[in-house]
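Chains Z and L are the protein sequences, given in the same order.
To convert a position in the first sequence, counted from 1, into this note's numbering, add 20.
Just so it is clear: in the second sequence, position 231 is 227 by this note's numbering, and no numbers are missing.
Here's the structure, in structure tokens; my notes come after.
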Amino acid sequence: MTQLALVIDLNVCVGCHACVTSCKEWNTSGWAGTMVDQRPYDADPTGTFFNRVQMFEVGEYPKTETVHFPKSCLHCEEPPCVPVCPTGASYKREDNGVVLVDYDKCIGCKYCSWACPYGMRELDEQQKVMKKCTLCIDRITDQDLPERERKPACVLACPTTARLFGDVHDPDSEVSIAIRENGGYQLMPEWGTQPANHYLPRRKTRIQIFDDELERADNPLKKEAPLPAAEGETLDDVAY
Amino acid sequence: MHPAFSVIFLTTLIGAGQGLFMALVTGQVYSLANLLEPQDNVTFYAAGSALALVLLGFGLVAAVFHLGKPSYFLTRAWRGVTQWRTSWLSRELIALPAFMLLVFLYAVSHYANLTNPLFVIKGQIPVDVTLLLGVIGSLASLVLFVCTAMIYASVRFLQEWHSPLTVANFILFGLASGFTLAAAFSAWSDVALVGFYGVWAVIFTVLAAITRGFSMYRNGRIKHKSTLQTAIGVRHTKIRQRSMGFMGGSFNTREFFHGAGAGSVAAVKLFFVVMVFLVPVALLAASNALGSAYLPILAFAVQYVGLMAERWYFFAEAKHPQNLYYQSVA
């Protein structure tokens, strides 16, 4: 079975919000209706978004690290938001595992938002129905688009390729390999929701190098101490 | 969680309506066993269950305002009965109208004096239409209590609610307010059942105080499963959110935060403890001693206001794990 998902590399994300704006642009212009913006130029702006980039500070100054954290629906394999829906508006697609809301069935009771521990669902204040990331279902299933464009808008927009998209059930897909080889993890695993989206941790690349590998023991130009050669053979003279 | 007034009114109104209906049926069963004087079909049972129906109706109106748009009640709400296999909310949407229908039929059967026994159990207990409807209606009332409470108790992410105590509280609060209302209704219609209903009201109020006390104790020392560490998957003891990604509010900042200070929440807690438990019990005891027709009515009014505060606090005390992602406005 196919389970489409995003893999977000926190090691690469620079927090530019390009995914946020491209998501909003694509999804507010689509067939499903606008994602409302209320008071966009006033003191208290608000609106519907499927995707946000948050920023966390890890550690204490001066030993701090900044984590840019893109946040959108994780398309759980055990989505707790789906069974609680009284009308059947909330559902998980059988063919590709994307969790969606049927905006024509939703009554806006907000119960599904209570049942999502991640806070990934938002009530649209204009249409008064629950909305969430669709994984750009209208793009990824559109056979008229060239294959390289059949990806969510956020993935195409990311300038640093921090967002990967693919089938996490296919062990040879780009996303599965990334999860497997780069320590991909799920958010809040304690709830057993089995999020399909994974995150790749921030990673440090370090080479192990010792002082004597940086400095030649019998450097002839060294002035500070007598040359060890005068005392016999040195390690540098040994031929392996 | 943000306390929505639609839900506060819905749960308190239907709770009192269900409790009142069950009180009326209790009275009928007691009179059947010759433990109480039988009451007039029209002025007591029919009028009383009509009052319960009015409360349930107002509860339904409040529920309509919980929908995204009230018009969805006409155009879409019928779909709400389709997912009863998985959703407690859907089950409630079936149980509430079904119960209202039974209350309506109970009122009509009393009004029409349908008291000819249909059959007699063991030559002792004559069963008529009103009794049959009353017993079935009481079972439906219990089912509705469970459905309403399970809407909250089944959400495992809200650990403050995810407990059998939530179900016990909803049932006992409904019975307490319903029996207090029955005492008030008896006092108002000059029926000698004030003492009977008053005693049961005090018993249910005390039981509710015990279960609510347990749940407040439990919630005061609850250990939340999710932390900022599991929320973003970084293993460090010191993590702070610097930006939630936007300056203005969003659904996430409105729906899951009550916005009141710790002092206000503590004040509401004290207020509801006094108004739901202490004052009504004192008033019911005083009415028993003085024989006043107004004290039980006052007791119900006070307890109802207290129950609205209790429901507000019930929402305010629940901490949703999504709040971990919305700590810093920036």
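Glycine residues also receive a C-beta, built at the ideal position from the N, C-alpha and C atoms.
Given residue i, which residues of its chain have a CB within under 7 Å of its CB, disregarding the five upstream and five downstream residues?
{"i": "residue 18 (chain L)", "result": "134, 137, 171, 174"}
{"i": "residue 20 (chain L)", "result": "41, 44, 45, 178"}
{"i": "residue 77 (chain Z)", "result": "84, 86"}
{"i": "residue 182 (chain Z)", "result": "28, 29, 32, 33"}
{"i": "residue 110 (chain Z)", "result": "101, 102, 121, 132"}
{"i": "residue 103 (chain L)", "result": "42, 45, 46, 49"}
{"i": "residue 44 (chain Z)", "result": "55, 69"}
{"i": "residue 104 (chain Z)", "result": "131, 132, 135"}
{"i": "residue 294 (chain L)", "result": "279"}
{"i": "residue 80 (chain L)", "result": "86, 87, 90"}
{"i": "residue 4 (chain L)", "result": "304, 307, 308"}
{"i": "residue 196 (chain Z)", "result": "188, 190"}
Should residue i be flagged as near chain Z, meaning a C-beta pair shorter than 8 Å?
{"i": "residue 73 (chain L)", "result": "yes"}
{"i": "residue 240 (chain L)", "result": "yes"}
{"i": "residue 317 (chain L)", "result": "yes"}
{"i": "residue 229 (chain L)", "result": "yes"}
{"i": "residue 370 (chain L)", "result": "With chain L covering only -3 through 326, there is no way to say anything about residue 370 (chain L)."}
{"i": "residue 14 (chain L)", "result": "no"}
{"i": "residue 4 (chain L)", "result": "no"}
{"i": "residue 10 (chain L)", "result": "no"}
{"i": "residue 120 (chain L)", "result": "no"}
{"i": "residue 234 (chain L)", "result": "yes"}
{"i": "residue 237 (chain L)", "result": "yes"}
{"i": "residue 107 (chain L)", "result": "no"}
{"i": "residue 26 (chain L)", "result": "no"}
{"i": "residue 102 (chain L)", "result": "no"}
Measure the beta-carbon distance from residue i to residue j and round it to whole angstroms, keeping in mind my assumption that it falls under 8 Å.
{"i": "residue 177 (chain Z)", "j": "residue 95 (chain Z)", "result": "Actually they are not in contact, since the Cβ atoms of residue 177 (chain Z) and residue 95 (chain Z) sit about 19 Å apart, beyond 8 Å."}
{"i": "residue 69 (chain Z)", "j": "residue 142 (chain Z)", "result": "7 Å"}
{"i": "residue 47 (chain L)", "j": "residue 181 (chain L)", "result": "6 Å"}
{"i": "residue 55 (chain L)", "j": "residue 6 (chain L)", "result": "5 Å"}
{"i": "residue 27 (chain Z)", "j": "residue 198 (chain Z)", "result": "5 Å"}
{"i": "residue 329 (chain L)", "j": "residue 197 (chain L)", "result": "This structure does not reach residue 329 (chain L), given that chain L is present from -3 up to 326, and the question cannot be answered."}
{"i": "residue 211 (chain Z)", "j": "residue 137 (chain Z)", "result": "5 Å"}
{"i": "residue 147 (chain L)", "j": "residue 51 (chain L)", "result": "Not really, about 19 Å apart at Cβ, beyond 8 Å."}
{"i": "residue 156 (chain Z)", "j": "residue 63 (chain L)", "result": "In fact, because the Cβ distance is near 29 Å, the residues do not count as touching under 8 Å."}
{"i": "residue 192 (chain L)", "j": "residue 32 (chain L)", "result": "6 Å"}
Got a sec: is the Cβ-Cβ distance from residue i to anything in chain L below 8 Å?
{"i": "residue 108 (chain Z)", "result": "yes"}
{"i": "residue 51 (chain Z)", "result": "no"}
{"i": "residue 215 (chain Z)", "result": "no"}
{"i": "residue 129 (chain Z)", "result": "yes"}
{"i": "residue 123 (chain Z)", "result": "no"}
{"i": "residue 76 (chain Z)", "result": "yes"}
{"i": "residue 82 (chain Z)", "result": "no"}
{"i": "residue 61 (chain Z)", "result": "no"}
{"i": "residue 55 (chain Z)", "result": "no"}
{"i": "residue 46 (chain Z)", "result": "no"}
{"i": "residue 111 (chain Z)", "result": "no"}
{"i": "residue 179 (chain Z)", "result": "no"}
{"i": "residue 194 (chain Z)", "result": "no"}
{"i": "residue 208 (chain Z)", "result": "yes"}
{"i": "residue 117 (chain Z)", "result": "no"}
{"i": "residue 38 (chain Z)", "result": "no"}
{"i": "residue 42 (chain Z)", "result": "no"}
By Cβ distance below 8 Å, which residues in the same chain neighbour residue i in space, the five residues on each side in sequence not counted?
{"i": "residue 110 (chain L)", "result": "124, 125, 126"}
{"i": "residue 171 (chain Z)", "result": "156, 159, 160, 185"}
{"i": "residue 255 (chain L)", "result": "-2"}
{"i": "residue 150 (chain L)", "result": "84, 158"}
Can you find the residues in the same chain that come closer than 6 Å, C-beta to C-beta, to residue i, ignoring five residues on each side of it along the sequence?
{"i": "residue 306 (chain L)", "result": "268, 272"}
{"i": "residue 175 (chain Z)", "result": "183, 185"}
{"i": "residue 210 (chain L)", "result": "161"}
{"i": "residue 152 (chain L)", "result": "158"}
{"i": "residue 93 (chain Z)", "result": "140, 152, 153"}
{"i": "residue 204 (chain L)", "result": "168, 169, 172"}
{"i": "residue 60 (chain L)", "result": "66, 69"}
On the three-pair Cβ rule with 8 Å, is the segment 282 to 293 of chain L touching the segment 153 to 173 of chain L?
Cβ pair count under 8 Å is below three, so no.
Is there contact here, the segment 218 to 227 of chain L with the segment 58 to 67 of chain Z, by at least three beta-carbon pairs under 8 Å?
Counting C-beta pairs with one atom in each stretch, the segment 218 to 227 of chain L and the segment 58 to 67 of chain Z have fewer than three that are closer than 8 Å, which means they do not touch.
Using a Cβ-Cβ cutoff of 9 Å, what residues of the segment 244 to 258 of chain L are near chain Z? List them in chain order. If the cut-off is 9 Å between Cβ atoms, the segment 244 to 258 of chain L has 244, 245, 246, 247, 248, 249, 250, 251, 252 near chain Z.
Worksheet item: Listed in chain order, which residues of the segment 151 to 165 of chain L have Cβ atoms closer than 9 Å to some Cβ of chain Z?
Response: Of all residues in the segment 151 to 165 of chain L, the ones placed with a Cβ closer than 9 Å to any Cβ belonging to chain Z are 151, 152, 153, 154, in chain order.
Is the segment 146 to 161 of chain Z in contact with the segment 109 to 128 of chain Z, if contact means three or more CB pairs nearer than 8 Å? By the Cβ rule, the segment 146 to 161 of chain Z counts as touching the segment 109 to 128 of chain Z, because three or more pairs are nearer than 8 Å.
Q | Segment contact flag, the segment 204 to 213 of chain Z with the segment 38 to 45 of chain Z, C-beta cutoff 8 Å, min 3 pairs | A | These segments do not touch.
- Task: Can you give me, in chain order, the residues of the segment 62 to 92 of chain L that have a beta carbon less than 7 Å from any beta carbon in chain Z?
- Result: Taking 7 Å as the Cβ-Cβ cut-off against chain Z, the residues of the segment 62 to 92 of chain L that qualify are 62, 63, 64, 65, 68, 72, 73, 75, 76, 78, 79, 82, 83, 85, 86, 89.
(Q) Along the segment 142 to 174 of chain Z, where does the CB come closer than 7 Å to a CB of chain L? Name the residues. (A) Correct list: 142, 143, 148, 149.
- Task: Determine, using beta-carbon pairs with one atom in the segment 233 to 243 of chain L and one in the segment 313 to 326 of chain L, whether at least three such pairs fall under 8 Å.
- Result: By the Cβ test, the segment 233 to 243 of chain L is in contact with the segment 313 to 326 of chain L, since at least three Cβ pairs between them sit closer than 8 Å.
Item to check | Selection of the segment 84 to 105 of chain Z by Cβ proximity to chain L, strictly under 7 Å | outcome: Near chain L, meaning a CB-to-CB distance below 7 Å, the residues of the segment 84 to 105 of chain Z are 87, 89, 91, 103, 104, 105.
When Cβ atoms are compared, which residues of the segment 202 to 231 of chain L fall closer than 7 Å to chain Z? Residues 221, 222, 226, 227, 228, 229, 230.
Chain Z contacts made by the segment 286 to 310 of chain L, where a contact means CB separation under 7 Å | Taking 7 Å as the Cβ-Cβ cut-off against chain Z, none of the residues of the segment 286 to 310 of chain L qualify.
(Q) Taking beta-carbon pairs under 8 Å, can you tell me which members of the segment 64 to 75 of chain Z lie near chain L? (A) Contact residues of the segment 64 to 75 of chain Z toward chain L are 64, 65, 66, 67, 68, 69, 72, 73, 74, 75 (C-beta to C-beta distance below 8 Å).
Query raised in the report: Taking three-plus beta-carbon pairs below 8 Å as touching, is the segment 221 to 230 of chain L in contact with the segment 307 to 320 of chain L?
Result: Touching, per the Cβ criterion.
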